[in-house]
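Trainee: Just so you know, we're using the numbering used here here: the sequence shown kicks off at 1 and counts up by one.
First, the structure itself, so that you have it in front of you.
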Amino acid sequence: MGHGTALVLPGRAYPPVAPLLDLAGRALTEHGWDVRPAWWEAPADLAPADAAAWVDQRVLAAVAGLPGLPGLPGRPGGERVVVVAKSLGTRAAPYVAARGWPAVWLTPLTLVPDVVDALRTNPAPQLVVAGLADPFHDPAVDLGACELLALEGADHALVVPGAVRTAELHVEVARVVDDFLTRLEAS
Numbered sequence: 001m002g003h004g005t006a007l008v009l010p011g012r013a014y015p016p017v018a019p020l021l022d023l024a025g026r027a028l029t030e031h032g033w034d035v036r037p038a039w040w041e042a043p044a045d046l047a048p049a050d051a052a053a054w055v056d057q058r059v060l061a062a063v064a065g066l067p068g069l070p071g072l073p074g075r076p077g078g079e080r081v082v083v084v085a086k087s088l089g090t091r092a093a094p095y096v097a098a099r100g101w102p103a104v105w106l107t108p109l110t111l112v113p114d115v116v117d118a119l120r121t122n123p124a125p126q127l128v129v130a131g132l133a134d135p136f137h138d139p140a141v142d143l144g145a146c147e148l149l150a151l152e153g154a155d156h157a158l159v160v161p162g163a164v165r166t167a168e169l170h171v172e173v174a175r176v177v178d179d180f181l182t183r184l185e186a187s
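Now the structure itself:
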């Protein structure tokens, strides 16, 4: 029996088949989630002020055909939802927090106040994975109760010098995501 629906939200140039989202999607499937990746191509001229609304529209489109999702207009709810998002996809954090959905945030945009506020206020379990060499991450930001995996030297793609070391970091991320999903099952 499945656990519910898992929405996978990509980055601007990081589709659901890119390494970290692919690994997360595999872990979700192994844990019994119905994985629903969103596919999008962000306009090159997407202004930061418009990014949250643009992402929210894509999230609404991704869940429009799914029955019984909690927090959607006109639906009674009941099915569990978990979100895995990378970079631009983390602009959905306010939408996710408003529904109290648990989430895995890969390289969230912690320089964006709305994203940070949503991470702090979402009552559901959340995992944040960030690279400490990521120019879109502020390591000084208070992320509230979020579980945090901070990767020394990793950039916005969670890449470090050396193919083997990068692969090792990605394995570490996969393990942490798997552990998070195991704990989520028990809650």
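We treat Cβ as the ideally placed atom computed from N, Cα and C, and that holds for glycine.
Keep in mind it's a predicted model, so treat the numbers as computed, not measured.
At the level of alpha carbons, what is the spacing between A47 and W40?
Mentor: Taking the first residue of the sequence shown as position 1, residue 47 is located at position 47. Taking the first residue of the sequence shown as position 1, residue 40 is located at position 40. About 16 Å.
Trainee: Out of curiosity, what's the CA-to-CA distance linking W105 and A85?
Mentor: As a working note, residue 105 is residue 105 in the sequence shown. As a working note, residue 85 is residue 85 in the sequence shown. Going by the C-alpha atoms only, they are around 5 Å apart.
Trainee: Return yes when the Cβ of L132 is within less than 7 Å of the Cβ of A150, no when it is not.
Mentor: In the sequence shown, counting from the first residue as 1, residue 150 sits at position 150. In the sequence shown, counting from the first residue as 1, residue 132 sits at position 132. Yes, they are a contact pair.
Trainee: For D114, report the span of its alpha helix (DSSP H) as first-last.
Mentor: Taking the first residue of the sequence shown as position 1, residue 114 is located at position 114. Its alpha helix (DSSP H) spans residues 113-121.
Trainee: Which same chain residues, not among the five before or five after V55, have their C-beta less than 6 Å away from its C-beta?
Mentor: In the sequence shown, the residue the question calls residue 55 occupies position 55. Excluding positions up to five away in sequence, the list reads R91, A92.
Trainee: By the three-class DSSP mapping on this structure, what secondary structure does R36 have?
Mentor: Within the sequence shown, the letter at position 36 stands for residue 36. Note: R36 maps to strand in three-state DSSP.
Trainee: In chain order, what residues of the same chain have a beta carbon less than 6 Å from the beta carbon of R120, not counting five sequence neighbours either side?
Mentor: Counting from 1 along the sequence shown, the entry for residue 120 is found at position 120. G144, listed in sequence order.
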